[in-house]
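Take 148 as the starting number for the sequence shown in our numbering and just add one per residue. Below is one structure; the comments refer to it alone.
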Amino acid sequence: MNTEPLQLQFDDNSLLPLLFGQHDENLARLERQLGVGLASFGNSVTVTGPEDSRKAAGEALGALYERLKKGMIVGNAEVDAAARLAVSDLGGAGLQAMQGGELTLSTRKRQVSARSPGQIAYLRALLGHELVFGIGPAGTGKTYLAVAMAVTWLVSGKIDRIILSRPAVEAGERLGFLPGDMKEKVDPYLRPLYDALHDLLPGEQVTKRLETGEIEIAPLAFMRGRTLANAFIILDEAQNTTPTQMKMFLTRLGENSRMVVTGDLSQVDLPRGQPSGLRDAADLLAGIDRVAFVQFTDADVVRHSLVTRIVQAYAARDEGAAQEADLFERR
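Next up, the structure:
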């Protein structure tokens with residue numbers, strides 16, 4: 148087994164403070180995530196640890212350095228992404244996509260890049276298909292990346308408007324008992340979509356585009372009877388649609404439009420016995436040309452690192468419960 152430390156050299160000293168981070172914070176993050184030791188001296192870094200981990204750390208640092216050379220940012224999220232991709236099945240291909248910027252979306256407020264293998268597949272699907280389903284646990288960036296793509300296309304003039312929708316399933320789409328007018332009744336269910344927009348566009352632009360109709364946020368029930376052309380249409384929390392609602396939504400797709408459907412099949416809030424429209428569509432539409440399905444896993448969770456552990460704990464519990472139920476039925 149090769150135990151020789153890995154020596155890395157970087158030729159542009161002006162980029163090293165950004166690469167290493169304040170007080171070598173970026174190096175410390177890579178150490179924790181990859182199980183290596185990183186010691187910087189001048190323009191070099193010595194990597195110690197298991198051979199595979201040393202190789203992953205070297206590739207991650209190389210990818211981050213290339214991002215900086217291209218003028219792209221490197222922060223905590225990018226460091227975490229480089230570590231995640233370096234040990235993924237994509238390996239070097241994933242890091243090349245990250246460092247090259249071809250899967251980086253530029254909005255008016257920030258650059259958004261793929262940070263996991265699932266996100267790389269997702270962005271590629273969004274670029275190449277008219278209808279994309281993003282399915283997987285919370286925290287994987289399904290909705291955020293879709294909104295980022297929509298904003299990028301709106302700003303560049305590829306589409307005329309963005310339509311964002313969610314089923315207000317908690318109130319059964321019967322919102323009369325809530326106080327306020329219709330907007331006040333439904334806004335709490337749509338707030339995550341507003342949050343994503345404000346993270347990607349200046350607040351005054353969000354307000355202006357909402358007023359002009361360039362951006363529309365509405366409950367799923369408001370989609371009935373419409374044909375949406377020249378639009379980027381996103382349905383979030385789609386696991387809480389019925390098959391009838393899903394069919395209604397999918398058939399709104401008009402000329403020169405893109406449609407994205409996101410959801411988590413482990414968080415269905417429909418009444419017991421009511422089938423999920425997302426699961427039904429996944430079964431029915433798989434294999435159809437120009438339709439893409441991207442399945443995210445807990446390895447794609449890009450929120451706080453604790454979220455990954457939470458998702459894994461719940462998944463393990465649910466899997467155990469399913470196995471017990473199956474054993475009970477067999478008896």
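Cβ atoms here follow ideal geometry from the backbone N, Cα and C, with glycine treated the same way. For clarity, every value in this text was computed on a predicted model and none was experimentally measured.
When DSSP states are grouped into helix, strand and coil, Phe-157 belongs to the coil group.
Note that the C-beta distance between Leu-155 and Gly-205 is below 9 angstroms.
If you look at Val-441, you'll find it in the beta strand (DSSP E) that goes 438 to 442. Judged by beta-carbon spacing, Leu-357 lies beyond the 9 angstroms limit of Thr-290, meaning their Cβ atoms are not closer than that value. The continuous alpha helix (DSSP H) containing Val-294 extends over residues 289 to 303. When C-beta atoms of the stretch 274 to 291 are compared with those of the stretch 433 to 449, three or more pairs fall below 8 angstroms, so the two segments count as touching. Rounded to the nearest whole angstrom, the CA to CA distance from Val-259 to Thr-251 is 5 angstroms. Per DSSP, the continuous alpha helix (DSSP H) segment holding Gly-205 begins and ends at 198 to 216. Inter-segment contact for the stretch 392 to 412 and the stretch 370 to 384 is present: three or more beta-carbon pairs are separated by less than 8 angstroms. Here the alpha carbons of Glu-351 and Gly-168 stand approximately 33 angstroms from one another. The straight-line gap separating the alpha-carbon atoms of Gly-286 and Lys-394 is approximately 26 angstroms.
Closest in alpha carbon position to Gly-222, among Arg-262, Ala-433 and Ser-303, is Arg-262. When DSSP reads this structure, Ser-312 sits in a beta bridge with Ala-365 and Leu-382. Gly-360 has its alpha-carbon roughly 10 angstroms from the corresponding atom of Thr-354. Taking a cut-off of 8 angstroms on C-beta distances, the stretch 461 to 468 does not touch the stretch 303 to 314, as fewer than three cross pairs fall below it. Gly-410 carries a strand assignment under DSSP once its states are collapsed to helix, strand and coil.
By alpha-carbon distance to Gly-420, the top candidate from Pro-314, Pro-390 and Ser-253 is Pro-390. Boundaries of the alpha helix (DSSP H) around Ile-267: 264 to 275. By the CB criterion at 9 angstroms, Gly-410 and Asp-383 fall inside the cutoff.
Counting along the chain, the unbroken beta strand (DSSP E) around Leu-278 starts and ends at 278 to 282. Judged by beta-carbon spacing, Ala-365 lies beyond the 9 angstroms limit of Leu-344, meaning their Cβ atoms are not closer than that value. For Pro-264, the closest C-alpha among the options Val-448, Lys-256 and Met-406 is that of Val-448. Between the stretch 223 to 239 and the stretch 175 to 184 there are three or more inter-stretch CB-CB distances shorter than 8 angstroms, so the stretches are counted as touching. Per DSSP, Leu-166 is one residue of the alpha helix (DSSP H) stretching across 163 to 167. In terms of Cβ geometry, Arg-426 and Gln-386 form a close pair [threshold 9 angstroms]. Using a Cβ distance threshold of 9 angstroms, Arg-255 and Val-294 do not count as a contacting pair. The residues Ala-297, Leu-301, Ile-362 and Phe-379, in chain order, have a CB closer than 6 angstroms to that of Ile-309 in the same chain once the five nearest residues on each side in sequence are set aside.
Linking Met-406 to Val-183 through their CA atoms gives a straight-line distance of about 43 angstroms. Residues Val-279, Ala-439 and Val-441 of the same chain have their beta carbon placed closer than 7 angstroms to that of Ala-272, with the five preceding and five following residues left out of the count. Excluding sequence positions up to five before and after Asp-236, its CB lies within less than 8 angstroms of the CB of Pro-264, all in the same chain and listed in chain order.
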